[in-house]
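Undergrad: This is the structure, below, for whatever I ask next.
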């Protein structure tokens, strides 16, 4: 894939990624300099989950760190599994992707997770996390389709669904065994 000069700044990329704009995902895929931006998005989204989880029973530093870490590990699991399934097990003939391209697009796909910070508000916890989860899944489908050069959205849905299910299972298991108790 030929490299092109970036045409959008970081904020424009965030807005485009949240709007599921295919052109933004193509842009970050082709821009190696966007790797650090994608990393920032993932970290901020994970921190938003940590702060937002305070709506379940109070914000403590330990809970924020734990939930943020679990969110980051869940994202990393989702990214790794999705890459392996999409690039290695279910590629299309046109699929040409490296880890950097995949991480950039998937990183920006976690932009909708930023709304989880609002889950700290009374009554907003479950809706904020539910909306963020579905929106991030939709963004991930767009990101995977673009990064893996899929012609079929159905294939991207299958790849993301499998990765998402595994990531959620791991997050739940970590939460059950190592998480703080919710009172």
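Residue numbers (my numbering): -18 to 164. Every residue, glycine too, gets a C-beta built ideally from N, C-alpha and C. Since this is a predicted model, take the numbers as computed values, not measurements.
By Cβ distance, which residues of its chain are closer than 6 Å to residue 67, with the 5 residues on each side in sequence left out?
TA: Cβ within range, chain order: 125, 129 and 140.
Undergrad: Would you give the residue range spanned by the alpha helix (DSSP H) that residue 88 belongs to?
TA: Residue 88 -> alpha helix (DSSP H) spans 80 to 89.
Undergrad: Have a look at 40, 27 and 12 and flag the residue whose alpha-carbon is nearest the alpha-carbon of residue 113.
TA: For the residues 40, 27 and 12, the minimum Cα distance to residue 113 belongs to 27.
Undergrad: Please report the distance separating the alpha-carbon of residue 159 from that of residue -12.
TA: Rounded to the nearest angstrom, the two C-alpha atoms are 44 Å apart.
Undergrad: Name the residue from 29, 121 and 43 whose alpha carbon lies nearest to the alpha carbon of residue 64.
TA: With distances taken between Cα atoms, residue 64 lies closest to 121.
Undergrad: Please classify residue 87 as buried or exposed, where buried requires at least 16 other C-beta atoms within 10 Å of its C-beta.
TA: So residue 87 counts as buried.
Undergrad: Helix, strand or coil for residue -18? Go by DSSP, reduced to three states.
TA: Caution applies to residue -18, whose pLDDT of 48 falls short of 50 and renders its modelled position unreliable; the model cannot decide the point.
Undergrad: Which of the three DSSP states is assigned to residue 136 in this structure?
TA: Residue 136: helix per DSSP, three-state reduction.
Undergrad: Relative to the C-alpha of residue 75, which candidate in 61, 20, 38 and 131 has its C-alpha closest?
TA: For the residues 61, 20, 38 and 131, the minimum Cα distance to residue 75 belongs to 131.
Undergrad: Mind checking which residues open and close the alpha helix (DSSP H) that includes residue 99?
TA: First-last for residue 99: undefined, no H or E at that position.
Undergrad: With the cut-off set at 9 Å, would you say residue -5 and residue 92 are in Cβ contact?
TA: It is a contact, given that the beta carbons lie within the stated cut-off.
Undergrad: Where residue 47 and residue 107 are concerned, what is the direct C-alpha to C-alpha distance, given to the nearest angstrom?
TA: Cα-Cα distance, rounded: 18 Å.
Undergrad: Taking 9 Å as the cut-off, decide whether the C-beta atoms of residue 90 and residue 40 are in contact.
TA: No, the pair does not count as a contact, with Cβ atoms beyond the cut-off.
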